[in-house]
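Residue numbers (our numbering), protein chains in the order written: chain A, 328 to 495; chain B, 328 to 495.
Think of the CB as a built atom: it goes at the ideal place given N, C-alpha and C, for glycine as much as any other residue.
Computed from a predicted structure; not experimentally measured.
What follows is a short report on a single structure.
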DNA sequence: ACGCGAGTTGAGACTGAGTCGCAATCGCAT
DNA sequence: ATGCGATTGCGACTCAGTCTCAACTCGCGT
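Quick look at the structure:
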């Protein structure tokens with residue numbers, strides 16, 4: 328929870344491979360821990376540019392790579408284009424519900440699903456390293472607005488398909 | 328199974344909205360049903376360019392959009408960049424195991440997971456429209472080659488993280 | 001069979017996200 | 001202070017996908 332913990336992880340990570348904790352990396356790290364939501368790389372760039380000092384796009388991406396690699400930050404392909412990043416609480420993990428209307432991202436964790444995943448892997452002799460599991464649809468807040476109209480139209484468009492189908 | 332079935336679905340889909348079944352759309356459709364694997368848009372372009380007639384990149388994408396929209400083809404974000412497409416057997420659905428080594432894509436379907444998904448949605452008042460669920464790792468064939476070395480190194484790189492974590 | 005207009009196509013310009021190369025600069029162990 | 005590897009910013013670049021638009025088709029109505 329306390330930023331210190333992850334900072335020291337990051338610091339150690341850098342040290343271990345002879346990298347430096349520069350002002351830019353610090354700034355990025357701080358900005359990242361100033362909030363908790365999911366974010367995109369360019370978003371971070373803007374945030375840093377406006378309030379703090381200048382930092383180049385390349386550096387953002389490079390630093391984000393380090394953070395992802397160190398396990399502090401997660402990189403997810405959520406929408407149609409680009410990546411989204413999110414802080415990872417140590418040891419924790421969750422999947423996503425993504426609203427097509429408002430873009431809201433809801434995190435969920437279902438142990439039973441995780442277990443079943445493991446079973447699937449075993450069945451195929453597959454050694455899982457990471458996974459991504461996302462459901463797209465309409466969130467509680469947006470449902471009233473959308474109601475019958477679009478949603479049912481979408482469902483009707485694909486005859487015989489009642490089940491959730493893969494996308495994103 | 329027989330292409331006819333999906334062709335008529337596609338035809339109906341087009342008709343319904345006053346679109347035409349042009350030679351290009353046909354060619355693409357045929358090429359698509361000539362095989363069964365997952366494929367990328369540009370791959371299709373090459374295939375068509377070499378054996379069949381010329382067809383523009385724009386048309387490939389446009390037609391693929393139609394096919395996806397009609398429910399015949401699925402669009403998935405599987406790797407690091409771009410989309411992958413796959414034929415959808417009517418009513419069927421599956422998720423993916425993706426090998427980081429050889430790129431192989433294994434399809435799986437686990438009803439219990441699907442049910443749990445529904446439960447999660449209910450819990451959050453979320454109306455799911457589509458979902459994507461992918462596990463990345465090393466497939467059975469590649470495991471011998473990779474063994475301890477990389478895999479265990481990767482696991483060790485993130486201390487305290489034994490569980491599968493989100494990515495892709 | 002013919003004509004016409006909506007629908008479609010190809011070429012290439014364009015976009016957005018992310019990456020790369022490189023010269024200038026910085027951080028830190030000595 | 002010195003030196004050298006690590007780092008930065010810039011801008012050029014790539015790649016996938018989208019858009020524009022003039023030229024061309026399809027297929028319905030006659």
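Report the rounded CA-to-CA distance for residue i versus residue j, giving the unit in angstroms.
i, j, result
"residue 431 of chain A", "residue 425 of chain A", "6 Å"
"residue 395 of chain B", "residue 434 of chain A", "27 Å"
"residue 442 of chain B", "residue 335 of chain A", "41 Å"
"residue 465 of chain B", "residue 343 of chain B", "44 Å"
"residue 332 of chain B", "residue 414 of chain B", "13 Å"
"residue 399 of chain A", "residue 358 of chain A", "14 Å"
"residue 472 of chain A", "residue 409 of chain B", "32 Å"
"residue 368 of chain A", "residue 350 of chain B", "42 Å"
"residue 380 of chain B", "residue 401 of chain B", "24 Å"
"residue 478 of chain A", "residue 345 of chain B", "With a pLDDT of only 45 at residue 478 of chain A, under 50, the local geometry of the prediction cannot be trusted, and no value is derived from it."
"residue 354 of chain A", "residue 376 of chain A", "11 Å"
"residue 361 of chain B", "residue 374 of chain B", "11 Å"
"residue 445 of chain A", "residue 459 of chain A", "14 Å"
"residue 337 of chain A", "residue 438 of chain A", "28 Å"
"residue 467 of chain A", "residue 440 of chain A", "22 Å"
"residue 451 of chain A", "residue 463 of chain B", "13 Å"
"residue 347 of chain B", "residue 370 of chain B", "24 Å"
Between the Cα of residue i and those of the options, spot the shortest distance and give me the residue it belongs to.
i, options, result
"residue 404 of chain B", "A:393, A:461, A:443, A:353", "A:461"
"residue 412 of chain A", "A:335, A:435, A:363", "A:363"
"residue 428 of chain B", "A:456, A:440, A:376", "A:456"
"residue 391 of chain B", "B:376, B:372, B:470", "B:372"
"residue 422 of chain A", "B:393, B:345, B:448, B:401", "B:448"
"residue 341 of chain A", "A:402, A:436, A:381, A:397", "A:397"
"residue 352 of chain A", "A:365, A:393, A:366", "A:393"
"residue 470 of chain B", "A:356, A:454, A:378", "A:454"
"residue 382 of chain A", "A:436, A:356, A:365", "A:356"
Counting only Cβ pairs nearer than 8 Å, list the residues of chain A close to residue i.
i, result
"residue 443 of chain B", "437, 439, 440, 443"
Just to make sure I have the definition right: I need the residues of chain A whose C-beta is within less than 9 Å of the C-beta of residue i. Which are they?
i, result
"residue 424 of chain B", "447, 448, 451, 453, 455"
Can you pull out the residues from the stretch 447-470 of chain B whose beta carbon lies closer than 7 Å to at least one beta carbon of chain A?
Listed by position, the residues of the stretch 447-470 of chain B near chain A (Cβ gap below 7 Å) are 447, 448, 451, 452, 453, 454, 455, 456, 457, 458, 459, 460, 461, 462, 463, 464, 465, 466, 467, 470.
Listed in chain order, which residues of the stretch 427-440 of chain B have Cβ atoms closer than 8 Å to some Cβ of chain A?
Those would be 427, 433, 435, 437, 439, 440, in chain order.
Can you pull out the residues from the stretch 335-351 of chain A whose beta carbon lies closer than 7 Å to at least one beta carbon of chain B?
Along the stretch 335-351 of chain A, there is no position whose C-beta sits under 7 Å from a C-beta of chain B.
Cβ contact check for the stretch 379-392 of chain A and the stretch 415-423 of chain B: 3 or more pairs under 8 Å
Output reads no: the stretch 415-423 of chain B does not touch the stretch 379-392 of chain A.
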